[in-house]
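Numbering (mature numbering (1 follows the signal peptide of the UniProt record, and there is no 0)), first residue to last: -21 to -1, 1 to 164.
Quick reminder that beta carbons are idealized off the backbone N, C-alpha and C, glycines included.
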């Protein structure tokens, strides 16, 4: 009897493949991080928060190896908030590239969502708090059908840095103009 089922068992074993699933865990901390005026909840969100106007955040860039639905769950000891961006993230342009934003999932201290991601696309997940006083350590788990690979996040200057940069260009331009005027006189 075993001889009769052995070939079928062998064939079934050879044809079956294990499902590949990816899990990425990010342990982060928003304490002392850059701040932004976060959006409201939504898919996509359509307004800015009135209580989260200067909230510390942390951003992580990533890609996926397989298109499909991915689960995001952030745990924290404070009222946390989670955003997902596609292509780019700019804290001064909160609605550009935003896909979804989540507050309590289902209670305070948990935020998350399920979202369909596409291979070959850069994504940015932004962990922050609900209000300006909500910050600290968090654990974010992303899971789905493919591997999740962390990327690098380009630095986005804070508004104070932009002011200094523009003022610096103005001073250089004024000095060049003054030098040119002095040379022609």
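Residue range of the beta strand (DSSP E) that residue 51 falls in? 47 to 55
Kindly indicate which three-state DSSP category residue 33 falls into: helix, strand or coil? Residue 33: coil per DSSP, three-state reduction.
For residue 118, count the other beta carbons within 10 Å of its own beta carbon; 16 or more makes it buried, fewer makes it exposed. Which is it? exposed
If you check the beta carbons only, do residue 30 and residue 15 fall under 8 Å apart? no
State the beta-bridge partners of residue 8 as determined by DSSP. 116
What number of angstroms, rounded off, separates the C-alpha of residue 103 from the C-alpha of residue 66? 8 Å
How about the stretch 70 to 79 and the stretch 53 to 60: do they share at least three Cβ pairs that are nearer than 8 Å? no
Contacts around residue 24, its chain only, beta-carbon distance under 7 Å, and the 5 residues preceding and following it disregarded: Taken in chain order, the residues that qualify are 18, 77 and 80.
If contacts are defined as beta-carbon pairs under 8 Å, then residue 1 and residue 36 qualify, I think. What distance do you get, rounded to the angstrom? In fact, because the Cβ distance is near 24 Å, the residues do not count as touching under 8 Å.
Are the CB atoms of residue 26 and residue 125 within a distance shorter than 8 Å? Taking 8 Å as the cut-off, the Cβ atoms of residue 125 and residue 26 do not count as close.
Leaving out five residues on either side along the sequence, give the residues of the same chain with a beta carbon under 7 Å from the beta carbon of residue 82. Listed in chain order, the non-local C-beta contacts of residue 82 below 7 Å within the same chain comprise 20, 60, 90 and 109, local neighbours out to five positions each way being set aside.
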